[in-house]
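Accompanying notes for the structure given below.
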Amino acid sequence: MYEWMKNVRQVEPYVPGEQPKDSSVIKLNTNENPYPPSPKVINRKLELEKLRVYSDPEASKLVSALADYHGLDKSQVFVGVGSDDVLAMSFMTFFNSDRPILFPDITYSFYDVWAELLRIPYEKKALDESFSIVPEDYFGENGGIVFPNPNAPTCIYMPLDGVRKILDNNRDVVVIVDEAYIDYAGESALSLIDEYDNLLVVRTFSKSRSMAGLRIGYAMGDSELISALNNVKFSFNSYTMNYLQIELGVCSVEDDGYFREMIDKVKNTREWFCKELVRLGFSFPESATNFVFAAHDRVPAKDLFEAAKNEKIYLRYFNKPRIDNYLRITIGTDEEMKKLVEFFEKYILTY
Ligand code: PMP
-18 MYEWMKNVRQ VEPYVPGEQP KDSSVIKLNT NENPYPPSPK VINRKLELEK
32 LRVYSDPEAS KLVSALADYH GLDKSQVFVG VGSDDVLAMS FMTFFNSDRP
82 ILFPDITYSF YDVWAELLRI PYEKKALDES FSIVPEDYFG ENGGIVFPNP
132 NAPTCIYMPL DGVRKILDNN RDVVVIVDEA YIDYAGESAL SLIDEYDNLL
182 VVRTFSKSRS MAGLRIGYAM GDSELISALN NVKFSFNSYT MNYLQIELGV
232 CSVEDDGYFR EMIDKVKNTR EWFCKELVRL GFSFPESATN FVFAAHDRVP
282 AKDLFEAAKN EKIYLRYFNK PRIDNYLRIT IGTDEEMKKL VEFFEKYILT
332 Y
């Protein structure tokens, strides 16, 4: 035991899904998009000599492109290094009360990690029996609220009247809606930001925009919220967004046709795959995301997870109360999902 150790911040880090080194793996464990980024992104001629200088600390081009795309003012958009960075900055900026922040018991498992890291008190609110968020549970006194919509890993979308109920009963704290998967779901809470100055909507380029590796996330909300976020960001690291993120991010935003086409492709595969899952004896909530959260009526999820891994098909399994018999399965290409179905057929039959 070294003397300095007593001053070390003790944290239990978030464990991301495995990124296999073997490229023959069918990777359905981290909700990436199976299709490449827009051809505009891929064919963008880069001037890498520009890496010599610091990037634009305000990432103005990207902020403007996103503001135009969503019909907002530039002062209503904040960009960061993936939505993880945007969410972590938001926790630091907005959750400074002695009262606990609230989030669901089954949700994105980074929320408790940030709360612990930043020493923010928190309380988890149980999802109901069908894994839905109960808006009324969020009506009491609190220091802020965060939840994904659709929720992860449950893949359930809460219609906007539920989001509105939470906002109506929480006018004095910041409410963060993490919309990582909204492009596969229903209406976004973005339509509410003019009405609620305490609503922050967070998005990512990692899922529907096929750019998880580039790391771009953003937040939208009242300009006072965005200004507070920028003050914290500029107290931490001015140059979060580099030249590649800014240029390629803009190219992606400019190619809306490709973006919508890829979303439809994933949704079509999801529809086919869900029918196959029913046939195989799985049950699952209706998916509003690019993944399915499924349990088999006879074969334990852990066994399916391990057996699939042996066959080089990676799924996600959470050994946690209430969800330890579920598999989170990312929607891949038609071919990948057919291989998974073939594997399930064989394995389940002989189990
Ligand atoms: N929110 C949710 C609900 C997620 O599932 C993820 C992906 N792990 C993120 C945020 C973070 O995504 P990224 O940092 O790649 O934008």
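Residue -18 is where the sequence shown starts when you use our numbering, and the numbers rise one by one after that.
Glycine residues also receive a C-beta, built at the ideal position from the N, C-alpha and C atoms.
Please read all numbers here as calculations on a predicted model, not as lab measurements.
DSSP beta-bridge partners of residue i
i    : result
M201 : V58, V182
P129 : D159
A276 : S264
K106 : P85
T311 : F272
Y295 : K8
Chain-order list of residues whose beta-carbon lies under 8 Å from that of residue i (same chain, five-residue window excluded)
i     : result
S56   : S204, I207, S208
S172  : L141
L32   : N223, Y224
E(-7) : V94, E97
Own chain, CB closer than 6 Å to residue i, minus 5 neighbours either side, in chain order
i    : result
V247 : N271, I312
D178 : D203
G230 : L43, I197
E104 : P81, L83
Proximity winner among the options, relative to residue i (alpha-carbon distances)
i    : options                  : result
F91  : S111, A107, P81, V127    : V127
Y220 : V6, P38, G52, E(-1)      : P38
V273 : L181, M318, N151, G238   : M318
R145 : I174, K(-13), G124, E122 : I174
F72  : I197, T185, V154         : V154
A288 : D142, P266, L83, Y328    : Y328
I137 : A166, G124, G121         : A166
K320 : K21, E257, D278          : E257
Y16  : M243, I163, A276, K293   : M243
I334 : R190, N151, G121         : Within the shown structure, residues of the chain are numbered from -18 to 332, placing residue 334 beyond reach of any answer.
V322 : V259, F84, K26, N132     : V259
Y50  : L68, K301, F59, D237     : D237
K355 : S233, N218, P302, R80    : The requested residue 355 is not part of the displayed model; the chain covers only -18 to 332.
S268 : Q(-9), G(-2), N12, E(-1) : N12
Y89  : R303, E252, N132         : N132
Cutoff 7 Å; reference residue i; Cβ partners in own chain excluding five residues on either side
i     : result
Y298  : A282, K283, F286, L308
F325  : L261
I147  : P116, Y119, I126, V156
M70   : G61, L210, V213, K214
K8    : P1, Y295
N291  : none
Y(-5) : S90, F91, V94
Continuous beta strand (DSSP E) stretch holding residue i: start and end
i    : result
A269 : That residue, A269, is in no beta strand (DSSP E); it is neither H nor E in DSSP.
Helix, strand or coil at residue i [DSSP, three-state]
i      : result
E28    : coil
T221   : coil
T135   : coil
D93    : helix
K21    : helix
A288   : helix
R145   : helix
F325   : helix
G194   : coil
A209   : helix
M243   : helix
R251   : helix
S233   : helix
I227   : helix
A166   : coil
M(-18) : coil
K214   : helix
Y(-5)  : coil
E317   : helix
Bounding residues of the alpha helix (DSSP H) (the contiguous stretch that carries residue i)
i   : result
A46 : 41 to 51
S71 : 63 to 75
Any chain D beta carbon closer than 8 Å to residue i
i   : result
A48 : In summary, chain D is missing from the structure at hand, where a single protein chain is found.
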